[in-house]
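Asks: Residue 4 in UniProt numbering sits at position 4 of the sequence shown; the count goes up by one each step and never skips. Where is the CB? At the ideal position from N, CA and C, for every residue including glycine. These figures come from a predicted structure and were not determined experimentally. Please see the structure below; I have some questions.
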Amino acid sequence: MSDTARYEYFLFLLTVILILELLSRKLKLPPAAAFILGGTGLALSPWSPEVTIDPELVMVVFLPPLLMSSAWFIAWREFRKNLSGILLLAVGTTTFTTAAVGVAAHLVVPALPWAACFTLGAIVSPPDAVAAEAALERLSLPGRVTSLLQGESLLNDATGLVLFRFGVVAALTGIFRPLQALTTFCVVSVGGVLIGLVVGFLGLLVIRRLRDSDMVIITTVLLAEVSYIGADHLHVSGVLATVATGLVLGWHQHRDFDAETRLQSHAFWKVLVFLLESVLFILIGLSLRGVLGRLRGTPDILHHLVYPVGIVLVAMVFSRFVWLFASDGIVGLLRRRWPERFARPSVAISTIMGWAAMRGVVTLTAALSLPEGFPGRDLALACAFASILVTVLVQGTTLAPLIGLLRINGASELRVIQSDENRAWIAVAEAQLRAIEKASRLPDGSERHPRLLEQYRYRLDVTRQYAEDTATHRPEEIAHYEAVLKAIGAGREEILRLHHAGQIHDRVLREMEQAMDMQEIEASGYLGAPEEGMA
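Structure, rendered in structure tokens:
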């Protein structure tokens with residue numbers, strides 16, 4: 001295929017992505033499931049070219065920006081509050097699943113060496129950050145659950161990849177030293193975090209000296225790649241390095257980025273993440289032809305592949321539930337002794353967390369990176385692809401109904417968030433009024449900006465009234481901002497009329513339109529506020 005043909009095929013894939021995204025919204029399917037199904041359909045069509053995935057290229061091109069975005073926009077307070085639980089999931093669940101899958105694989109394929117079995121376990125054990133983000137973005141879950149799942153997906157790749165690396169070495173050399181493995185795991189993890197922190201703070205020094213929003217955004221993309229590639233060259237965790245850099249930038253963006261940069265960067269990262277996620281899941285579906293081609297020559301495919309793959313998938317899913325419910329039992333015992341330090345375990349929450357464990361790019365690229373001649377390589381490829389299909393297509397599509405069945409939602413937390421927001425707006429209005437009063441007061445005691453003072457005093461009064469009874473004032477607020485949107489629409493029509501009549505310059509049109517766009521975004525944001533959080 002020529003370079004021009006590749007580019008044309010990429011444009012075709014973008015068109016397919018748009019169609020699949022619209023279908024997923026109409027059918028209320030997780031986008032990842034729609035993209036994988038679409039890619040699989042393309043892979044099985046006779047006229048579609050065979051797509052091969054370069055594992056190293058995928059890890060370098062796709063993973064750093066996606067990890068950076070997830071870490072950047074994560075809920076910092078929830079992440080820090082639940083860090084111990086996140087680490088228990090990221091390290092404990094991944095390690096336990098690796099061991100459980102390894103044992104199951106050896107029981108069903110006794111000829112497969114133990115090291116190769118545990119390598120297979122490491123491949124399918126870590127839930128994927130990309131798949132998790134895609135699955136959770138449209139679900140209403142309690143903040144703690146979302147934080148635990150997002151945090152786990154950010155950190156567990158490091159655990160899975162380290163276990164994978166040791167499994168490969170042990171399978172090829174026949175040597176495994178547990179103490180050395182534990183030491184290396186600690187060095188790789190801590191080293192990755194340190195590299196990420198250094199890159200993040202050095203990047204902030206550069207960003208503070210940049211005056212252009214476009215340059216700042218480009219710098220953030222480069223920082224994601226520098227963290228990952230730099231850590232990888234130093235043989236520490238590129239995943240944790242990128243996550244650490246994203247956390248640093250996400251925490252400091254509120255002071256070190258100006259308003260224009262924050263708005264533009266949010267829009268840029270949203271589009272970039274959508275593009276990368278959708279292309280990635282399409283590529284996973286397209287890779288089916290290559291995987292089937294590798295497995296076509298397998299003798300007695302039912303006995304040598306289908307049955308072992310089924311057992312591995314059962315062990316993969318079941319072991320996660322075992323770990324979660326066992327952890328709940330331990331927490332329950334600890335809570336009897338220290339009730340104020342441990343939250344009450346919930347069977348419903350643990351069920352959701354056990355089911356919300358989609359596999360994705362790390363699983364597939366790890367399997368594809370296995371060297372030729374590796375024991376059980378075909379089985380590992382089949383298990384990797386099957387784990388992605390089953391978790392995304394089955395667990396991903398049934399997660400929302402399961403949440404509804406168990407009656408889990410974040411409505412109560414939305415009310416708390418709304419209360420926090422109301423108090424914050426009152427504090428902001430009071431601070432703004434004090435600043436205006438200070439700037440307006442003249443030496444003779446008169447006021448320089450009486451109209452402005454009157455405006456900010458009125459704003460404070462309205463904010464206080466709204467905070468006292470949000471539910472009562474919500475209909476008034478909706479009517480207010482609907483009227484604002486009508487006024488903005490009328491203004492937009494007028495400025496377009498003036499432009500078409502040749503009475504104003506193009507630059508005037510763009511500047512005034514941008515100002516009205518900001519007003520429209522603000523008004524639409526108020527109208528789109530979740531009402532269940534305001535009841």
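Using the Cα positions of residue 534 and residue 407, report the straight-line distance between them to the nearest angstrom.
Replies: The residue labelled residue 534 in the question sits at position 534 within the sequence shown. The residue labelled residue 407 in the question sits at position 407 within the sequence shown. Any reading at residue 534 needs caution, since the residue's pLDDT is 36, under 50, leaving its predicted position unreliable; the model's value is listed next. Near 19 Å, if we compare the C-alpha coordinates of residue 407 and residue 534.
Asks: Roughly how many angstroms lie between the CA atoms of residue 386 and residue 358, to the nearest whole one?
Replies: For this step, residue 386 is matched to residue 386 along the sequence shown. For this step, residue 358 is matched to residue 358 along the sequence shown. So the two alpha carbons sit approximately 11 Å from each other.
Asks: Could you give the distance in angstroms between the alpha-carbon of residue 96 and the alpha-carbon of residue 265?
Replies: Along the sequence shown, read from residue 1 onward, the residue named residue 96 stands at position 96. Along the sequence shown, read from residue 1 onward, the residue named residue 265 stands at position 265. If I take the Cα positions, the gap works out to 38 Å.
Asks: Would you say residue 370 and residue 119 are within 9 Å of each other, going by their C-beta atoms?
Replies: Walking along the sequence shown from the start, residue 370 turns up at place 370. Walking along the sequence shown from the start, residue 119 turns up at place 119. Their beta carbons are under 9 Å apart, which means residue 370 touches residue 119 by this criterion.
Asks: Assuming residue 192 is part of the alpha helix (DSSP H), what are its boundary residues?
Replies: Within the sequence shown, numbered from 1, the residue matching residue 192 stands at position 192. That run of the alpha helix (DSSP H) goes 178-207.
Asks: Please report the residue range of the alpha helix (DSSP H) in which residue 538 lies.
Replies: As shown, the chain starts at 1 and ends at 535. That puts residue 538 outside it, with no answer to give.
Asks: In angstroms, rounded to a whole number, what distance separates the CA positions of residue 383 and residue 484?
Replies: Counted from its first residue, the sequence shown places residue 383 at position 383. Counted from its first residue, the sequence shown places residue 484 at position 484. Looking at the two C-alpha atoms, the distance is approximately 55 Å.
Asks: Mapping the DSSP letters down to three states, classify residue 50 as helix, strand or coil.
Replies: In the sequence shown, residue 50 corresponds to position 50, counting from 1. Residue state, collapsed to three classes: coil.
Asks: To the nearest angstrom, report how far apart residue 437 and residue 453 are at their CA atoms.
Replies: As a first step, residue 437 must be located in the sequence shown, where it is residue number 437. As a first step, residue 453 must be located in the sequence shown, where it is residue number 453. Taking the straight line from one Cα to the other gives about 7 Å.
Asks: Taking all protein chains shown into account, do 16 or more other C-beta atoms lie within 10 angstroms of the C-beta of residue 267, making it buried, or fewer, making it exposed?
Replies: What you label residue 267 is simply residue 267 of the sequence shown in a count that begins at 1. Counting Cβ neighbours within 10 Å, residue 267 comes out exposed, since fewer than 16 surround it.
Asks: Whose CA, out of 313, 149, 348 and 499, lies closest to the CA of residue 328?
Replies: Mapped onto the sequence shown, residue 328 falls at position 328. Measuring from the Cα of residue 328, the nearest candidate turns out to be 348.
Asks: For the alpha helix (DSSP H) that contains residue 150, what are its first and last residues?
Replies: Translated into positions along the sequence shown, residue 150 becomes position 150. Here the alpha helix (DSSP H) through residue 150 covers 143-173.
Asks: Just how far apart, CA to CA, sit residue 69 and residue 502?
Replies: Position 69 of the sequence shown, counted from the first residue, corresponds to residue 69. Position 502 of the sequence shown, counted from the first residue, corresponds to residue 502. About 43 Å.
Asks: Alpha carbon to alpha carbon, what distance is there between residue 322 and residue 149?
Replies: Within the sequence shown, numbered from 1, the residue matching residue 149 stands at position 149. Within the sequence shown, numbered from 1, the residue matching residue 322 stands at position 322. Computed Cα separation, rounded: 17 Å.
Asks: Would you mind listing the alpha helix (DSSP H) stretches within the region 236-321 that are 4+ residues and don't spill past its ends, in chain order?
Replies: Fully enclosed alpha helix (DSSP H) runs of 4 or longer: 238-256, 259-286 and 288-295.
Asks: If we count the other Cβ atoms within 10 Å of its Cβ and call it buried at 16 or more, is residue 12 buried or exposed?
Replies: Against the sequence shown, residue 12 aligns to sequence position 12. By the 10 Å Cβ count, residue 12 comes out exposed.
Asks: With C-beta atoms as the reference, is residue 160 less than 9 Å away from residue 192?
Replies: Position 160 of the sequence shown, counting from 1, holds the residue named residue 160. Position 192 of the sequence shown, counting from 1, holds the residue named residue 192. Not closer than 9 Å, so no.
Asks: Can you give me the C-alpha to C-alpha distance between residue 257 and residue 91, rounded to a whole angstrom?
Replies: Mapped onto the sequence shown, residue 257 falls at position 257. Mapped onto the sequence shown, residue 91 falls at position 91. Taking the straight line from one Cα to the other gives about 34 Å.
Asks: Classify residue 441 as helix, strand or coil using the three-state DSSP reduction.
Replies: Locating residue 441 in the sequence shown gives position 441, counting from the first residue. The answer is strand: DSSP assigns residue 441 an E or B state.
Asks: If we count the other Cβ atoms within 10 Å of its Cβ and call it buried at 16 or more, is residue 19 buried or exposed?
Replies: Your numbering for residue 19 matches position 19 in the sequence shown. It counts as exposed.
Asks: Residue 219 to residue 391, Cα distance in whole Å?
Replies: For this step, residue 219 is matched to residue 219 along the sequence shown. For this step, residue 391 is matched to residue 391 along the sequence shown. Looking at the two C-alpha atoms, the distance is approximately 35 Å.
Asks: In three-state terms, what does DSSP make of residue 447?
Replies: Numbered from its first residue, the sequence shown carries residue 447 at position 447. Three-state result, residue 447: strand.
Asks: Please go through the same chain and pick out, in chain order, the residues whose beta-carbon is closer than 7 Å to the beta-carbon of residue 353, but skip the five residues on each side of it.
Replies: Reading the sequence shown from its first residue, position 353 is the one you call residue 353. Cβ within range, chain order: 145, 148, 149 and 324.
Asks: State the DSSP-derived secondary structure class of residue 9, mapped to helix, strand or coil.
Replies: Your numbering for residue 9 matches position 9 in the sequence shown. Of the three classes helix, strand and coil, the one that applies to residue 9 here is helix, per DSSP.
Asks: Could you tell me the alpha carbon to alpha carbon distance between residue 286 and residue 360, rounded to whole angstroms?
Replies: Here residue 286 is taken as the residue at index 286 of the sequence shown, counted from 1. Here residue 360 is taken as the residue at index 360 of the sequence shown, counted from 1. Using only the alpha carbons, I get a separation of about 14 Å.
Asks: Among 100, 34 and 394, which one has its Cα closest to the Cα of residue 320?
Replies: Counting from one through the sequence shown, the residue named residue 320 turns up at place 320. The shortest Cα separation from residue 320 among 100, 34 and 394 belongs to 100.
Asks: Tell me the DSSP secondary structure of residue 516 in three-state form.
Replies: For the purposes of this step, residue 516 is taken as the residue at position 516 of the sequence shown. The answer is helix: DSSP assigns residue 516 an H, G or I state.
Asks: For residue 535, name the three-state secondary structure that DSSP assigns.
Replies: Stepping through the sequence shown from its first residue, residue 535 is reached at position 535. Its pLDDT being 33, under 50, residue 535 is placed unreliably by the model, and nothing is read from it.
Asks: Helix, strand or coil, according to DSSP, for residue 64 in the structure here?
Replies: Position 64 of the sequence shown, counted from the start, is the residue given in the question as residue 64. Residue 64 falls in the helix class under three-state DSSP.
Asks: Count the other C-beta atoms from every protein chain shown that fall within 10 angstroms of the C-beta of residue 522, then say buried if there are 16 or more, exposed otherwise.
Replies: Residue 522 sits at position 522 when you count from the first residue of the sequence shown. Counting Cβ neighbours within 10 Å, residue 522 comes out exposed, since fewer than 16 surround it.
Asks: Exposed or buried, what is residue 515 when buried is set at 16 or more other beta-carbons lying within 10 Å of its beta-carbon?
Replies: The residue labelled residue 515 in the question sits at position 515 within the sequence shown. Per the 10 Å Cβ criterion, exposed.
Asks: What is the DSSP secondary structure of residue 422, reduced to helix, strand or coil?
Replies: Position 422 of the sequence shown holds residue 422. Helix.
Asks: Taking only the alpha-carbon atoms, compute the straight-line gap between residue 66 and residue 439 and give it to the nearest angstrom.
Replies: Reading the sequence shown from its first residue, position 66 is the one you call residue 66. Reading the sequence shown from its first residue, position 439 is the one you call residue 439. Near 44 Å, if we compare the C-alpha coordinates of residue 439 and residue 66.
Asks: Let's test the definition: count the other Cβ atoms within 10 Å of the Cβ of residue 291 and tell me whether it reaches 16, buried, or not, exposed.
Replies: Here residue 291 refers to the residue found at position 291 of the sequence shown. Buried, because 16 or more other Cβ atoms sit within 10 Å of the Cβ of residue 291.
Asks: With residue 243 and residue 204 assumed to form a contact (beta carbons below 8 Å), what rounded beta-carbon distance in angstroms separates them?
Replies: To locate residue 243, count along the sequence shown from 1; it is residue 243. To locate residue 204, count along the sequence shown from 1; it is residue 204. The Cβ separation is near 16 Å, so there is no contact.
Asks: For residue 465, which three-state DSSP category applies?
Replies: Your numbering for residue 465 matches position 465 in the sequence shown. The answer is helix: DSSP assigns residue 465 an H, G or I state.
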